[in-house]
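> So that we are looking at the same thing, I have put the structure below in structure tokens.
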Amino acid sequence: MSCSCEPLSAEMIETASQQQPRRMILVGNANVGKSLLFTRLTRRYVTVSNYPGTTVELARAKADFCGELREVIDTPGTSGLNARSDDERVTRDVLLGNRDADVILVGDITNMRRTLLLALQLIEHGIRFVICLNMADELPQSVPDLSLLSSRLGIPVIAASALREWNLERLKRAAMQPAAGKVRVLYGSEVEAAVADMNGVTRGEALARLEEAHALPIAAARHAAVEQLLDGRGDEHAVSGFRDALGRITMHRIWGVPALLFVLFIGWLFVGKLGAGVLVDFLQTKVFEAHLNVWARRLVDALVPVHFLRELLVGPYGLITMALTYAIAIVLPVVITFFLFFGILEDSGYLPRLAVMLHRTFRRIGLNGKAVLPMVLGLGCDTMATLTTRILETKKERVIVTILLALGVPCSAQLGVIIAMLAPLGARATAIWLFVTIGTMLLVGALASKVLPGESGDFILEIPPMRMPKLSNIAIKVAARTEWYLKEAVPLFLAGTLLLYLLDAANLLVRLQRALAPLVVGLLGLPAQSSNAFVVGFLRRDYGAAGLFAMQRAGQLSPTQTIVALTVITLFVPCVANFFVMVKERGARTATAAALFITVYSFGTGVLLHAILGS
Amino acid sequence: MSILSDVAAGSDVRVAGLRSTSPSRVSRLTSFGIVPGAWVHVVATRPAVLLRCGNTSVALDEEIAREVVVG
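Chains B and E, in that order, give the protein sequences. Mind the numbering: the first sequence is residues 1138 to 1752 in the working numbering, read in order. Mind the numbering: the second sequence is residues 4 to 74 in the working numbering, read in order.
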């Protein structure tokens, strides 16, 4: 931090934030390290909020720019200003709605062409900005002289590396004096005449409206202008041989399969063995059962004189002995290990490669490779994943993914319990469970893609180079996601336990078990007591699964009964929160129809499985 | 003149035109540098068509690659 001027102290930032500081907006393509640059420029006071009316997140933070306070806003990655997706619309609205803000266009220095395409559009909109060519650390040779490019554009251009924190102070100083640029692209007589006909809008706005009808000539003219700016010099091939080879193997039509299996195996070792095995075991038996719950019981017995309240806290359906034990001992280790693993996959660049590998399979169920992100994230939290379906282009794809997430993708908490339950049963049981779950997704997906009207989106996906994940970045994401998850899950765990406790206290639990007996005992062949699991399963299916896990451990479920119960609870609607998000994102009618279908399908599959496997 | 989906993996080709009728598809392709006159390197054709244009790698569905004319 070698700013030539006096930096602001934390208190000064705090006081100054009472007034509205000038805004500094970061824009750029996806995968150019924009978010890391944002973190490096701001360091603290980050708030993440949804853009009004959307689920697109905008990160804002106050930062000191050479003694002056700025509110820095990080926008979603965009490839243009004509707003083709929610993300791009938000970026465009933020840019055009803050005409007096300063703007930093962030680009990848190894990929100058795409940055300059965006720069030309900003100039046409009359936006004042500077260009930051990030990722200078990835250049195989020294940083090229950018002064000619800068003078041709009329815009300051600064090479930098957010990763190595190189040249960031220079960038900050330059960003205080943005420029409007002086390049003017000519688009041929037809487009120019149409632009001239549109009165009262900027050249940029006029061109954005014309892009629908004249996409190709406009794009071709911009590309020609970029070539002129760069004197036809090519972007140097920057990726090292090893990373390039690794990147290619992971999406090779043959070698990609063992690579995928290897990644799955590592995931299973990390989340299944370490998280759901070692850590859950330690927390549940050593920490909770051996110590915490014993102490809690003693403390409550000593301090709480009323039997009713004692039971509420530490009874068989106690808020501490049941809800918190499940939430912290069984759920938390799995959630944290999963989000760690997912963060590494995300930051290494493996997920887009997985999208390429699974594209053909996904096409059969009315989706394309891009659906991989919400589907894999669903293994962490289905509710969070349902929110990310907005990255899919068409309504049809969003509905299919929403149904498949709710039906067949167990969230990390549930997955942990499932792995623990399958472990003593062996390979045959695991194979049956996998067959039913994966078969269900392929079957229901294929049917849904036939039945639902509409189109599937285009599969055009940028594949970023493989990169070494940065631990600090992953840690931030794991913390944010785990916090989000706990805020969703723990209140529902408490509510579910309270419900069970009240039903039990009012003697309704026995009646409910009796009422459900024809289904649970008769058709599914399970003990009457397992109705409890399905009752709380309505609140959270992982909580239901945890109940089944406890029954299995107590020897109340035979291996066959375990498979049947496990399959039903896997295919069940994930949780109340997920249902509400389904309503919010897809509408009440679609969500209710999906939930009804899923309930019938999950119990139907259980009945069928019981009939086939016997008891 | 041929189409991109017919090009063998490992070759460098020059884009001659886009036959797509969907403006959003055209603008997405062009934003990755797939424009008439640009050189692209075909890295692989399976499991999806994989291109490198400059330093950008892009994966395309085969059906979309059929709309890119190269020559």
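Quick reminder that beta carbons are idealized off the backbone N, C-alpha and C, glycines included.
(1) Do R1501 of chain B and A1585 of chain B count as a contact pair if the criterion is CB distance below 8 Å?
(2) Leaving out five residues before and five after A1413 of chain B in sequence, what residues of the same chain have Cβ atoms less than 6 Å from its Cβ?
(3) Closest to F1379 of chain B by C-alpha separation, out of B:A1643, B:M1603, B:D1274, would be which residue?
(4) Name, please, each residue of chain E whose Cβ falls closer than 8 Å to the Cβ of I1600 of chain B.
(5) For T1252 of chain B, count the other beta carbons within 10 Å of its own beta carbon; 16 or more makes it buried, fewer makes it exposed. Which is it?
(6) Just how far apart, CA to CA, sit R1346 of chain B and S1287 of chain B?
(7) Between S8 of chain E and chain B, is any beta-carbon pair separated by less than 8 Å?
(8) Closest to R17 of chain E by C-alpha separation, out of E:P26, E:R28, E:S5, E:S23, would be which residue?
(9) In chain E, which residues lie less than 7 Å from R1250 of chain B when you measure between Cβ atoms?
(10) Any beta carbon of chain E sitting closer than 8 Å to that of M1335 of chain B?
(11) For L1631 of chain B, I'd like the list of residues in its chain whose CB is within less than 7 Å of its CB, leaving aside the five on either flank, ordered along the chain.
(12) Could you say which of B:L1491, B:H1351, B:K1587, B:T1474 lies nearest to N1219 of chain B if we only look at CA atoms?
(13) Would I1528 of chain B pass as an interface residue toward chain E - the criterion being a Cβ-Cβ separation below 8 Å?
(14) Please name the residues in the region 1206–1226 of chain B whose beta-carbon is closer than 8 Å to at least one beta-carbon of chain E, in chain order.
(15) For T1387 of chain B, is the classification buried or exposed, using 16 other Cβ atoms within 10 angstroms of its Cβ as the cut-off for buried?
(16) Give the C-beta separation of L1491 of chain B and L1397 of chain B to the nearest angstrom, bearing in mind that I take them to be a contact with Cβ-Cβ under 8 Å.
(17) Using the DSSP secondary-structure output, state which residues sit across from C56 of chain E in a beta bridge.
(18) Could you name the residues of chain B that S27 of chain E contacts, counting a contact when the two beta carbons are closer than 7 Å?
(19) I need the DSSP call for H1389 of chain B, collapsed to helix, strand or coil.
(20) Would you say M1494 of chain B lies against chain E (beta-carbon separation less than 8 Å)?
(21) Rounded to the nearest angstrom, how far is the Cβ of L1507 of chain B from that of F1596 of chain B, given a contact under 8 Å?
(22) Whose C-alpha, out of B:F1402, B:L1163, B:L1416, B:E1275, is nearest the C-alpha of K1309 of chain B?
(23) If we ignore side chains and look at the alpha-carbon of each, how far apart do L1703 of chain B and C56 of chain E end up?
(24) Closer than 8 Å is the cut-off here; do at least three beta carbon pairs connect the region 1616–1623 of chain B with the region 1637–1649 of chain B?
(25) Is T1247 of chain B close to chain E? Criterion is C-beta to C-beta, closer than 8 Å.
(26) Tell me which residue opens and which closes the alpha helix (DSSP H) that D1641 of chain B is part of.
(27) Leaving out five residues on either side along the sequence, give the residues of the same chain with a beta carbon under 8 Å from the beta carbon of P1354 of chain B.
(28) Is it buried or exposed for T1755 of chain B, if we count other Cβ within 10 angstroms and need 16 for buried?
(29) Straight-line CA distance for H1444 of chain B to G1692 of chain B?
(30) Taking only three categories from DSSP, how would you classify L1283 of chain B?
(31) Three or more C-beta pairs under 8 Å: does that hold for the region 1254–1272 of chain B against the region 1307–1322 of chain B?
(32) Closer than 7 Å by beta-carbon distance: list the chain E residues that pair up with H1262 of chain B, in chain order.
(33) Just the Cα atoms here: how many angstroms apart are F1717 of chain B and C1518 of chain B?
(34) Based on the DSSP output, what are the partners of G20 of chain E in its beta bridges?
(35) Between the alpha carbons of G1199 of chain B and Q1157 of chain B, how many angstroms are there, rounded?
(36) Touch check for the region 1173–1181 of chain B and the region 1288–1301 of chain B: three-plus C-beta pairs under 8 Å?
The answer reads as follows:
(1) no
(2) V1471, G1553, I1556, A1557
(3) Looking at B:A1643, B:M1603, B:D1274, the one whose alpha-carbon comes closest to that of F1379 of chain B is B:M1603.
(4) L53, S60, V61, A62
(5) buried
(6) 29 Å
(7) no
(8) E:S5
(9) G36, G57
(10) So, not an interface residue.
(11) L1456, A1460
(12) B:H1351
(13) No - not a single Cβ of chain E is within 8 Å of the one on I1528 of chain B.
(14) S1216, G1217, N1219, R1221
(15) buried
(16) 7 Å
(17) E:T59
(18) Simply R1221.
(19) coil
(20) yes
(21) First, the residue type needs correcting, since residue 1507 of chain B is Lys and not Leu in the sequence shown. Between the beta-carbon of K1507 of chain B and that of F1596 of chain B there is about 7 Å, and that keeps the pair under the 8 Å contact cut.
(22) B:L1163
(23) 48 Å
(24) no
(25) yes
(26) 1608–1642
(27) Y1324, G1325, E1327, V1328
(28) This structure gives no information on residue 1755 of chain B, because the portion of chain B shown stretches from 1138 to 1752.
(29) 29 Å
(30) coil
(31) yes
(32) Ordered by position in chain E, no residue passes the 7 Å Cβ test against H1262 of chain B, which lies about 16 Å from the chain.
(33) 14 Å
(34) E:V72
(35) The sequence given here places Lys at residue 1199 of chain B; Gly does not occur at that position. Approximately 10 Å, taken between the alpha carbons.
(36) yes
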